[in-house]
Amino acid sequence: MRLSLQGNPAVTEDWWTNPKTNEVVDFIDFARSEGRFGKHFDKEGNPSETLLWAKEDRLENWHLLQDLAGLRGGKSAGKAPAKSSDGTSVAMKSAASKSAAAKPTIAASTAPKVVNSANGAGKNGAVDGFVVGVKIKYRDRQTGAWINGTVESLDPLVLWLEDDTEIRTTAEILAAGLAEGIIVQQ
Amino acid sequence: MYTSTYPYNPYLVPWDQFAVRKCPGHGHGHGRPFALGSNGLGQQADLVYRDGAMFDIGFQALSRMFASGMNIKVFVLDTQVYSNTGGQTSTSSYTGQNTKMSVHGKAIAGKQERRKEIAQIAMMHPRTFVAQTTCAHVNHFYRSVLDALEFDGPAMVCCFTTCQPEHGVADNMATDQARLAVDTQTFPC
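Quick note, the sequences are listed as chains A and B, same order. FYI, the numbering for the first sequence is 119 to 304, going by the numbering used here. FYI, the numbering for the second sequence is 35 to 223, going by the numbering used here.
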């Protein structure tokens with residue numbers, strides 16, 4: 119599961135500082151620019167208590183997002199999530215999916231690649247003899263039991279097992295699994 | 035529904051329109067016959083709705099749709115009010131916002147509840163894709179939509195959208211206000 123805040127102006131700060139004016143910009147500035155919050159400002163332009171509470175609400179919401187993205191207070195603050203993301207905003211992908219959770223799949227050493235990006239974007243080369251519908255057997259590393267399955271799709275490469283697990287993988291890793299003997303074509 | 039029933043309508047893709055609160059359930063139930071963009075893995079249905087439908091009266095159906103794991107895409111136009119019925123408050127409205135049904139008066143200063151964050155709720159469903167974006171962040175917008183379409187499973191894009199008369203802003207200010215909403219953490223994207 120990943121969350122990216124890429125696209126926001128100051129991902130590690132509470133509020134953004136406008137570089138042109140060197141002024142901090144916050145929810146009160148937004149409210150001041152719209153008629154729907156107009157009654158919250160007195161003649162001097164000071165915000166009401168309700169609006170200050172709304173500002174706190176926005177900050178708390180922002181802190182929650184920063185926490186989820188690992189950008190606040192934690193050891194990885196300011197690092198990976200923003201850079202390693204794919205650029206989609208408050209984008210969370212629980213891409214690990216049931217296949218990832220259920221099975222470390224094929225070769226443990228290559229597991230992170232095997233457990234798919236879940237978006238079907240990967241292009242795969244062909245593996246000899248593998249067409250949609252071909253029956254396979256997969257050996258569960260933990261129990262040693264063989265599980266029957268079929269090739270569900272070639273691009274992206276998806277294997278379906280009878281215990282209702284989907285394995286999304288690549289031709290390269292499938293070939294490695296075949297060579298290792300944990301996947302057998304029936 | 036204001037057009038012919040599927041498939042007797044003028045659109046080149048399977049298309050229909052349903053009452054707001056029924057939308058996700060409808061997409062869910064018709065996910066297979068409504069094969070808009072098959073990616074080789076299954077069928078896909080696309081839904082477009084506003085915050086009133088997705089945050090409030092269609093919320094349960096939306097959650098159920100996510101839980102189904104079906105390849106359904108939802109695009110939410112988040113105007114923070116029920117725009118099509120005259121600007122009533124929704125759970126998407128901001129604290130203090132002056133709307134119909136949370137009018138700013140002498141006793142009560144606008145909406146007194148916090149805003150519900152549909153993106154955070156949606157992304158806690160297993161194996162979903164969720165993005166928040168705005169019309170002003172063009173690259174970000176397209177990236178969010180394309181990634182949602184590409185994702186093999188339920189996906190939601192929540193887009194901040196100005197409702198000029200209800201927000202009290204000029205008609206040509208939609209882009210500026212959307213930018214400011216992101217810059218001020220009013221609507222992080």
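Ideal placement from N, C-alpha and C gives every residue a C-beta, glycine not left out.
Can you find a C-beta in chain B that's less than 7 angstroms from the C-beta of residue i?
i, result
"R150 of chain A", "no"
"T168 of chain A", "yes"
"W264 of chain A", "no"
"N126 of chain A", "yes"
"L292 of chain A", "no"
"V208 of chain A", "At V208 of chain A the pLDDT is 45, less than 50, meaning the model places this residue with poor confidence; the figure from the coordinates comes in the next sentence. At least one chain B Cβ lies under 7 angstroms of V208 of chain A."
"V180 of chain A", "It is Trp, not Val, that sits at residue 180 of chain A in the sequence shown. It does: the Cβ of W180 of chain A has a partner Cβ on chain B nearer than 7 angstroms."
"G267 of chain A", "no"
"I285 of chain A", "no"
"L183 of chain A", "yes"
"R176 of chain A", "yes"
"A172 of chain A", "yes"
Distance cutoff 7 angstroms, beta carbons only. Does residue i sit that close to anything in chain A?
i, result
"N118 of chain B", "no"
"A87 of chain B", "no"
"C169 of chain B", "no"
"C223 of chain B", "yes"
"L183 of chain B", "no"
"L111 of chain B", "no"
"R148 of chain B", "yes"
"D217 of chain B", "yes"
"T220 of chain B", "yes"
"A143 of chain B", "yes"
So the alpha helix (DSSP H) residue i belongs to, where does it begin and stop?
i, result
"T135 of chain A", "Not the alpha helix (DSSP H): T135 of chain A falls in the beta strand (DSSP E), residues 134-136."
"E298 of chain A", "289-298"
"L177 of chain A", "167-186"
"F221 of chain B", "Unbroken run through F221 of chain B: none, as it is neither H nor E."
"D181 of chain B", "172-184"
"P127 of chain A", "Unbroken run through P127 of chain A: none, as it is neither H nor E."
"H201 of chain B", "198-201"
Where do the ends of the beta strand (DSSP E) carrying residue i lie?
i, result
"G267 of chain A", "264-272"
"E151 of chain B", "Note, E151 of chain B: premise wrong, no beta strand (DSSP E); not H, not E."
"E141 of chain A", "141-143"
With DSSP as the reference, please indicate the residues paired to residue i in a beta bridge.
i, result
"C192 of chain B", "B:V110, B:Q166"
"N105 of chain B", "Beta-bridge pairing links N105 of chain B to no other residue."
"I254 of chain A", "A:G267, A:Q303"
"L277 of chain A", "A:V269, A:I285"
"F159 of chain A", "A:P165"
"A143 of chain B", "B:H138"
"T133 of chain B", "B:S136"
Would residue i and residue j be called neighbours here (beta carbons separated by less than 7 angstroms)?
i, j, result
"V110 of chain B", "C192 of chain B", "yes"
"S136 of chain B", "G144 of chain B", "yes"
"K107 of chain B", "A189 of chain B", "yes"
"E200 of chain B", "G121 of chain B", "yes"
"F89 of chain B", "S124 of chain B", "yes"
"P127 of chain A", "D112 of chain B", "no"
"F221 of chain B", "T162 of chain B", "no"
What are the residues in the stretch 120-132 of chain B lying within 8 angstroms of chain A by C-beta distance? Y128, T129, G130, Q131, N132
Please identify, using Cβ separations under 8 angstroms, the residues of the stretch 89-105 of chain B that lie next to chain A, in order along the chain. none
Could you list the residues in the stretch 133-160 of chain A with a C-beta less than 9 angstroms from some C-beta on chain B, going in chain order? W133, W134, N136, V143, D144, F145, I146, D147, F148, A149, S151, E152, G153, R154, F155, G156, K157, H158
Can you list, in chain order, the residues of the stretch 203-216 of chain B whose Cβ is nearer than 9 angstroms to any Cβ on chain A? V203, M207, D210, Q211, L214, A215, V216
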